[in-house]
Structure formats: structure tokens, C-alpha cells
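A.B. asks: Here it is, the structure in full.
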Amino acid sequence: MTNDEVASPRTQRRRLGGWLPRDEAHLARYRTALAAKARERARTAPRTRAVAELAALIEGDPVLRMDMTRAIMQAQQAGYVLGYATIDELMTVVDYLMTYAPPFSESDLIHCPLNAVLDWPMCMPSGYALFRDPALNAQLKHVLNCWCGFLSGPHSREHLNTSSPDGWFSPEADKRIGLAQFVCDPEQPYWGFTSWNDFFTRRFRPGMRPVEEPDNDKLVVSPCEATPYNVQHGVKLRDTFWIKSQPYSLEDMLSSRERELARCFEGGSVYQAFLSAFNYHRWHAPVSGVISRAYAADGSYYSTADSEGEDPSGLNDSQGYITALAARAVIVIESDDAAVGQVACVFVGMADVSSCMIEALPGQRVRKGDELGFFQYGGSTCCLVFEPGVIERFVVEPPFGDKQPPIKVNAAVARVGSRNASPSQSNG
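Residue 379 in the UniProt record's numbering sits at position 379 of the sequence shown, and the numbers go up by one each step.
Here it is as C-alpha cells:
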């Protein structure tokens with residue numbers, strides 16, 4: 001496909017985790033309504049600084065301006081309803097989202113509104129290079145942090161109520177979420193939550209997710225409440241993560257600055273799972289041991305794998321690819337058991353997530369099931385990376401289908417064999 005060739009529009013898309021609806025017609029209506037509200041607001045409200053700077057960057061760079069203009073045009077030519085036709089109109093919509101809190105929807109939840117707005121331009125021919133541009137991603141980070149600031153404040157609680165159909169405490173939402181299993185107080189205003197992000201990162205009540213075999217170091221538990229996506233063995237230090245099979249590339253996953261750390265896992269195994277919009281968004285230790293690394297790696301936010309063509313699920317089918325490129329947090333645990341060695345936990349922000357919050361510190365001792373950090377306000381995926389010869393078997397193995405149930409946080413995800421190994425050498 002050339003830069004000016006586009007495919008016919010899709011009406012249904014495979015969506016993992018419920019972050020966006022499958023029905024393109026619903027998304028088209030959403031984008032149209034959102035754009036109308038944005039235009040109305042723009043008549044009286046100045047643009048936020050972060051969005052104004054994003055607009056200036058794109059308009060001032062001829063290559064960015066060309067690629068964004070062509071990506072919008074290509075999506076329109078393919079028959080998609082975007083709600084905007086120019087860069088300026090797109091910026092108006094993005095600015096409106098800076099004070100937007102997602103409402104609940106039983107069937108058509110749009111948890112990642114900016115992803116919904118950029119859904120088609122980012123996977124058009126001109127969009128691939130555009131959303132990999134370092135300067136654009138640096139400014140997108142400022143925009144997403146601006147939105148995160150709103151979602152962390154009290155004005156983001158608009159939909160934290162019991163009103164149907166869009167209240168997060170409504171009977172419809174309760175049926176989907178199971179609010180009783182989380183720490184909350186229906187007698188308090190907003191059920192005790194101080195912001196949208198406070199609700200999004202809600203904790204389970206004590207005892208709701210017990211740690212499976214807490215004293216068995218050879219049982220690895222799930223760090224997140226997440227649905228299995230992929231398992232790969234014999235992972236290479238550096239691989240072609242951008243091709244259709246999306247092999248994991250350790251040096252890119254763990255950051256090029258951590259090459260020696262990546263070497264420890266060469267030939268090892270990777271387990272990846274994705275989180276649901278409706279579930280739990282905190283991370284927990286998969287093994288007991290000492291944290292040897294804890295760091296954030298900046299990256300892209302809306303880059304998709306062009307090997308997928310007109311990606312049938314946006315970032316969803318680029319989940320392997322984004323482990324090498326997207327903004328992410330890496331926490332490495334030196335296990336108490338030499339047979340386990342080091343385990344790298346990679347928590348990847350997808351689409352509207354720019355906030356991967358690390359709570360663990362290097363040198364800290366953790367027990368299996370202890371909290372390590374959390375995602376704020378959007379779609380996300382996680383990986384566990386193991387040294388070679390460690391994993392005897394995973395609890396589940398590919399292929400994984402749309403009906404694959406999630407593995408509960410702190411439940412078994414893998415069993416470790418009895419490899420002959422001396423204690424792993426930490427790189428910290």
C-alpha cells in the first residue's frame with residue numbers, strides 16, 4: 001500500500017479489554033458528537049497550553065504537517081467519519097478532552113477518548129511514521145499529563161454517581177465491575193473517591209485476591225488482573241519486533257540503556273497479558289525477592305505496527321510491537337530462589353496511558369503479592385520476562401482466543417523447573 005492508497009472501511013473491529021467498542025458506527029457517532037461539543041466550547045475557552053504547543057509543533061514542522069494532513073485525508077477517503085477534517089479541527093477536539101472524564105457505558109464504553117479520535121489516522125499509511133516521531137511523542141506526553149492532571153482532581157468526578165446509564169456506581173456498572181469487592185463507601189460523597197484516577201486505581205478489599213502458594217518460590221503469580229495475550233520462548237536480545245509476528249526484542253523492551261540487563265534474559269521466555277477497562281489496574285510482585293531495578297522508559301503513545309496493515313484493532317493487535325516502543329515501567333526482582341533468578345516485570349502504557357506509576361524502590365524486599373505500582377486512566381498491557389531454562393510450564397499456553405478468561409492478580413501463571421544454576425548476578 002502506497003502513501004495515498006487506502007482500504008475500504010471496517011464496520012467491526014476486534015477489541016481487547018473493552019477500552020473501545022467494536023462497532024465502528026458507534027465510534028463514528030461518538031466522534032461526531034464530541035467534535036460538536038468541542039467546537040462549541042472553543043468559542044469561549046482558550047486552548048490549554050499543552051494542546052496549543054502541540055498544534056504549533058505540527059503546524060511549524062513541514063513533515064509533521066504533511067503526514068498529519070495526509071493521515072486525516074487517507075482516513076476520510078477510506079470512508080471513516082472522524083469528526084474533523086483539518087489539523088486545527090483535530091486540535092480543537094483534543095483540547096476539549098483535557099477536561100473530559102469517561103462515563104460508564106454497558107455496551108459501548110469509550111475509556112480511551114483520544115485513542116478513539118486518532119483511531120484511524122494513526123493506522124493509515126502516513127500515520128505510521130507520524131506517530132513514531134520523537135518530537136511529536138514528547139509533546140503528546142505533555143498533553144496526556146495535562147489530561148492526567150484533570151483526572152487526578154475533584155472536577156473529574158462527574159460520572160462517579162449512581163445515575164443510569166452513565167454513572168460508574170449505577171446498577172449496570174455494578175453488575176459489570178462488582179463494586180462490593182473494592183474498597184469504597186457508598187455512604188460518602190462519590191463513595192469516598194477523590195478523583196477519577198482514584199476510582200480507576202481502586203483497591204480490592206482485603207482477602208479478595210489471596211496470593212496463591214505464598215511460600216512456594218517456584219510458583220509465579222500474575223502481577224495484574226489480566227487476560228493472557230502471548231507466550232514466546234527463546235527470546236532474542238534484539239529482534240524484528242515490527243514484523244507481523246511481532247517477536248519480543250529484549251534490548252528494546254528493557255531500554256537500550258539496559259543492554260547488560262537484557263543479556264541476562266537472552267534465550268528466555270516472555271509472558272504477556274492485557275488489562276480490562278472494567279477491572280483492577282494495580283501491579284503486584286510475581287515472586288518474592290529484592291528489587292534490583294525500577295525505572296520508567298519513555299516511548300511512543302499512538303504508534304501501531306504497519307506490518308498489520310490497516311490494523312484491525314488499532315493498538316490491540318500491536319501489543320507485542322508496543323512493548324519495544326511505548327511508554328513503560330520496568331521493575332526487576334532478584335528472586336530468593338536461584339532457580340528463578342531475575343524476573344523483569346514490564347508494565348506498558350497503551351494509547352491514552354502516559355502514567356505508569358512506580359511505587360517500588362531498588363533495594364526494597366518484596367514478598368509475592370506485594371504492590372509495585374499502578375496504571376492511571378487508560379489501556380494497558382504487562383509482560384513477565386524470565387531467564388533461559390527457568391519456566392517449566394505456563395498455566396496457560398497459546399493460542400489465546402477472544403473468549404480467553406482473565407487470570408486473577410496473585411493467581412498462578414507459571415511454574416519454575418529445577419535448573420542447575422548458581423544464584424543470578426544482579427546488575428544493580
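Each residue gets a CB set at the ideal place from its N, CA and C atoms; glycine is no exception.
Given a cut-off of 8 Å, decide if Cys345 and Pro406 are closer than it, judged by their beta-carbon atoms.
C.D. replies: Taking 8 Å as the Cβ cut-off, Pro406 and Cys345 do not qualify as a contacting pair.
A.B. asks: Are Arg31 and Ala101 closer than 8 Å when you measure CB to CB?
C.D. replies: It is not a contact, given that the beta carbons lie outside the stated cut-off.
A.B. asks: Label Gly349 either buried or exposed according to how many other C-beta atoms from any shown protein chain fall within 10 Å of its C-beta, with 16 as the threshold for buried.
C.D. replies: Result: buried.
A.B. asks: Could you pull out every residue in the same chain whose Cβ sits closer than 7 Å to the Cβ of Ala36, ignoring the five residues on either side in sequence?
C.D. replies: Excluding residues within five positions, none has a Cβ falling inside 7 Å.
A.B. asks: Return the chain-ordered list of same chain residues with a C-beta closer than 8 Å to the C-beta of Leu64, the five sequence neighbours on each side being excluded.
C.D. replies: Hits under 8 Å: Leu57, Ile58, Leu130, Asp133, Ala135 and Leu136.
A.B. asks: Can you give me the C-alpha to C-alpha distance between Pro206 and Arg43, rounded to a whole angstrom?
C.D. replies: Answer to the nearest angstrom: the Cα atoms are 49 Å apart.
A.B. asks: Tell me which residue opens and which closes the beta strand (DSSP E) that Ser156 is part of.
C.D. replies: Careful: Ser156 lies outside any beta strand (DSSP E) and carries neither H nor E.
A.B. asks: Under DSSP, the beta strand (DSSP E) around Pro228 begins and ends at which residues?
C.D. replies: Ala226 to His233 is the extent of the beta strand (DSSP E) around Pro228.
A.B. asks: Leaving out five residues before and five after Val81 in sequence, what residues of the same chain have Cβ atoms less than 7 Å from its Cβ?
C.D. replies: Once the five neighbours on either side are set aside, the close Cβ partners of Val81 are Ala28, Arg31 and Thr32.
A.B. asks: So which of Val220, Val231 and Cys264 has the shortest CA-CA distance to Ala414?
C.D. replies: For Ala414, the nearest C-alpha among the options comes from Val220.
A.B. asks: From the DSSP output, which residues share a beta bridge with Gly268?
C.D. replies: Note: Gly268 sits in no beta bridge, so no partner.
A.B. asks: For Leu372, does the count of other Cβ atoms within 10 angstroms reach 16, so buried, or fall short, so exposed?
C.D. replies: Burial call: buried.
A.B. asks: For Glu225, does the count of other Cβ atoms within 10 angstroms reach 16, so buried, or fall short, so exposed?
C.D. replies: So Glu225 counts as buried.
A.B. asks: Assign Cys382 to one of three DSSP states: helix, strand, or coil.
C.D. replies: Strand at Cys382.
A.B. asks: Go through the UniProt domain "L-tryptophan decarboxylase PsiD-like" (49 to 176) residue by residue and report every complete run of the alpha helix (DSSP H) that reaches 4 residues or more, in order.
C.D. replies: Counting whole runs of 4 or more residues, the UniProt domain "L-tryptophan decarboxylase PsiD-like" (49 to 176) contains the alpha helix (DSSP H) stretches 49 to 60, 62 to 77, 87 to 96, 113 to 118, 125 to 130 and 134 to 151.
A.B. asks: Helix or strand or just coil, what does DSSP make of Met208?
C.D. replies: Looking at Met208 - three-state DSSP - the assignment turns out to be coil, as it is neither helix nor strand.
A.B. asks: Should Gly178 go down as buried or exposed, given a rule of 16 or more other Cβ atoms within 10 Å for buried?
C.D. replies: With fewer than 16 Cβ atoms within 10 Å of its Cβ, Gly178 is classed as exposed.
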